[in-house]
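Peer 1: Below you'll find the structure I mean.
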Amino acid sequence: MALESKLKDNSTRMNKLYRFGMGLDMKNNSDGLVSRLFGNLVSSMRKFLFRILSVGPIPNHLAFILDGNRRYAKKWNLQEETGYKCGFWALMPMLKYCYELGVTYVTIYAFSIDNFKRGPKEVQCLMGLMQEKIEGLLEEESIVHQFGVRVHFIGNLKLLPESVKVGAEKVMKATANNNKKVLLICVAYTSTDEIVHAAQESCQRKWDEIREMKPGGGAHSFEISNESQEEEERRFIKLVDLEQCIYMGVAPDPDILFRTAGETRLSNFLLWQTPTCLLYSPGVLFPEIGLRHLVWAVLNFQRAYSYVEKKKKQL
Ligand SMILES: CC(C)=CCC/C(C)=C/CC/C(C)=C/COP(=O)(O)OP(=O)(O)O
Numbered sequence: 153m154a155l156e157s158k159l160k161d162n163s164t165r166m167n168k169l170y171r172f173g174m175g176l177d178m179k180n181n182s183d184g185l186v187s188r189l190f191g192n193l194v195s196s197m198r199k200f201l202f203r204i205l206s207v208g209p210i211p212n213h214l215a216f217i218l219d220g221n222r223r224y225a226k227k228w229n230l231q232e233e234t235g236y237k238c239g240f241w242a243l244m245p246m247l248k249y250c251y252e253l254g255v256t257y258v259t260i261y262a263f264s265i266d267n268f269k270r271g272p273k274e275v276q277c278l279m280g281l282m283q284e285k286i287e288g289l290l291e292e293e294s295i296v297h298q299f300g301v302r303v304h305f306i307g308n309l310k311l312l313p314e315s316v317k318v319g320a321e322k323v324m325k326a327t328a329n330n331n332k333k334v335l336l337i338c339v340a341y342t343s344t345d346e347i348v349h350a351a352q353e354s355c356q357r358k359w360d361e362i363r364e365m366k367p368g369g370g371a372h373s374f375e376i377s378n379e380s381q382e383e384e385e386r387r388f389i390k391l392v393d394l395e396q397c398i399y400m401g402v403a404p405d406p407d408i409l410f411r412t413a414g415e416t417r418l419s420n421f422l423l424w425q426t427p428t429c430l431l432y433s434p435g436v437l438f439p440e441i442g443l444r445h446l447v448w449a450v451l452n453f454q455r456a457y458s459y460v461e462k463k464k465k466q467l
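Per this note's numbering, numbering of the sequence shown is gapless, rising by one per residue and ending at 467.
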């Protein structure tokens, strides 16, 4: 078989598997009965497993660094783009499992500011894929509708191509009233950029406040020298102000951070939000992640729970 059609075949098969896993093809398929029965059986077993897990504490917020998509493509002799697609197809069932288990917040590191340094062709391909997948979030059969998910895009969205930015804004607006679950998609994000942005934003807000408090309002502020302006800002800014301006301020700190492909670096992801977070780093590449990894991570979380809660109180 020619390489191109082999890749296409592989990608179609992965798509079918994904759709089967998500239960999307089960309504009007010709061999739908067997699929439906099998799908229902698997789903009931999974829900039973989750009920047992729910005897212990369930994490409120899980975060994922989706590492190993290119390595997966290389491993299976696929194009890089197909590797990313496989990553996306692995992500959707994982989101479904998280929400079924009772997790409220899920954060994914979809594209870092540093990823813009990759070759132009790869960045273009990733942005194209991103746009397609973002638009797909609003489809009727998507996870967003299944679980009533509110979607936030987190990061310096100004850096995105216009079409991706518009798509992201559309999804945020369309899901703004969903209140059951939350999905935070970090794009054009790094933690250091987030912290710098929060510091600038809180200085600005404080400075506006100071100007309002001065007799004579805005006009008076022109009499303050640069040095005293800085001094006043320093005096007024507190931790809580910074936290109000942080992009991720819409969610509590994550309880577990998954980073696949056996990597244990944080790569500038959620540095502010992970003082007590459990890092779980399975050896599998992201497209290979599955239910067993989620279950294992939650069991580890439950084992460390009382110790972590004690630490949180001491912070
Ligand atoms: C909803 C939505 C927009 C989802 C995006 C899904 C997705 C799979 C994004 C890929 C993000 C990315 C650059 C991962 C890094 O893997 P890598 O290429 O660095 O892999 P490597 O570690 O093998 O090099």
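All residues carry an ideal CB built from backbone N, CA and C; glycine is no exception.
From a predicted model like this one, the values you see are computed outputs, not experimental measurements.
Would the C-beta of Leu214 count as close to ligand 1, meaning under 7 Å from any of its heavy atoms?
Peer 2: Because no heavy atom of ligand 1 lies under 7 Å away, the Cβ of Leu214 does not count as near it: no.
Peer 1: Spell out a yes or no on whether the stretch 303-310 and the stretch 273-280 are touching, meaning 3 or more CB-CB pairs, one atom from each, closer than 8 Å.
Peer 2: The answer is no - the stretch 273-280 does not touch the stretch 303-310, with fewer than three Cβ pairs under 8 Å.
Peer 1: Three or more beta-carbon pairs under 8 Å between the stretch 315-330 and the stretch 344-354, yes or no?
Peer 2: Contact fails: fewer than three Cβ-Cβ distances are below 8 Å.
Peer 1: When you compare only the Cα positions, how much space is there between Glu364 and Lys358?
Peer 2: Their Cα atoms are separated by approximately 10 Å.
Peer 1: In chain order, what residues of the same chain have a beta carbon less than 7 Å from the beta carbon of Tyr236, not counting five sequence neighbours either side?
Peer 2: Cβ neighbours of Tyr236 beyond the five flanking positions: Asn221, Leu278, Leu281.
Peer 1: Check for me: the alpha helix (DSSP H) holding Leu394 runs from which residue to which?
Peer 2: Leu394 -> alpha helix (DSSP H) spans 391-397.
Peer 1: Around the Cβ of Lys227, are there at least 16 other Cβ atoms within 10 angstroms (buried) or fewer (exposed)?
Peer 2: When all chains shown are included, Lys227 counts as exposed.
Peer 1: Based on Cα-Cα distance, which residue from Asn329, Asn212, Glu361, Ile217 lies nearest to Tyr257?
Peer 2: Taking only the C-alpha atoms, the option nearest Tyr257 is Asn212.
Peer 1: Do the stretch 402-421 and the stretch 199-208 make contact, defined as three or more Cβ pairs closer than 8 Å?
Peer 2: Result no; under three Cβ-Cβ pairs closer than 8 Å.
Peer 1: Count the other C-beta atoms from every protein chain shown that fall within 10 angstroms of the C-beta of Met197, then say buried if there are 16 or more, exposed otherwise.
Peer 2: Flag for Met197 reads exposed.
Peer 1: Following the continuous alpha helix (DSSP H) through Ser187, name the residue where it begins and the one where it ends.
Peer 2: Run containing Ser187: 184-205, per the alpha helix (DSSP H) assignment.
Peer 1: Going residue by residue through the stretch 268-313, where are the continuous alpha helix (DSSP H) segments of at least 4 residues, counting only ones entirely within it?
Peer 2: Counting only runs of 4 or more, we get 272-288, 295-299.
Peer 1: Closer than 8 Å is the cut-off here; do at least three beta carbon pairs connect the stretch 288-298 with the stretch 262-274?
Peer 2: Result no; under three Cβ-Cβ pairs closer than 8 Å.
Peer 1: Taking 8 Å as the threshold (C-beta atoms), are Leu243 and Phe410 in contact?
Peer 2: No. Outside cutoff.
Peer 1: Are the CB atoms of Glu252 and Lys333 within a distance shorter than 8 Å?
Peer 2: It is not a contact, given that the beta carbons lie outside the stated cut-off.
Peer 1: Just to confirm, does Tyr257 get its C-beta within under 7 Å of one of the non-hydrogen atoms of ligand 1?
Peer 2: Flag unset: Cβ of Tyr257 not near ligand 1.
Peer 1: Could you tell me how far apart the beta carbons of Ile217 and Phe453 are, in whole angstroms, since I believe they sit closer than 8 Å?
Peer 2: Their Cβ separation, rounded to whole angstroms, is 17 Å, which puts Ile217 and Phe453 out of contact at 8 Å.
Peer 1: Quick one: residues in its chain with C-beta nearer than 7 Å to the C-beta of Pro209, no 5 flanking neighbours on either side, listed in chain order?
Peer 2: Excluding sequence neighbours, Pro209 sits near Gln454, Tyr457.
Peer 1: Using alpha carbons as the reference points, say which of Gln283, Gly288, Thr327 lies closest to Glu314.
Peer 2: Comparing Cα-Cα distances from Glu314 to each of Gln283, Gly288, Thr327, the minimum goes to Gln283.
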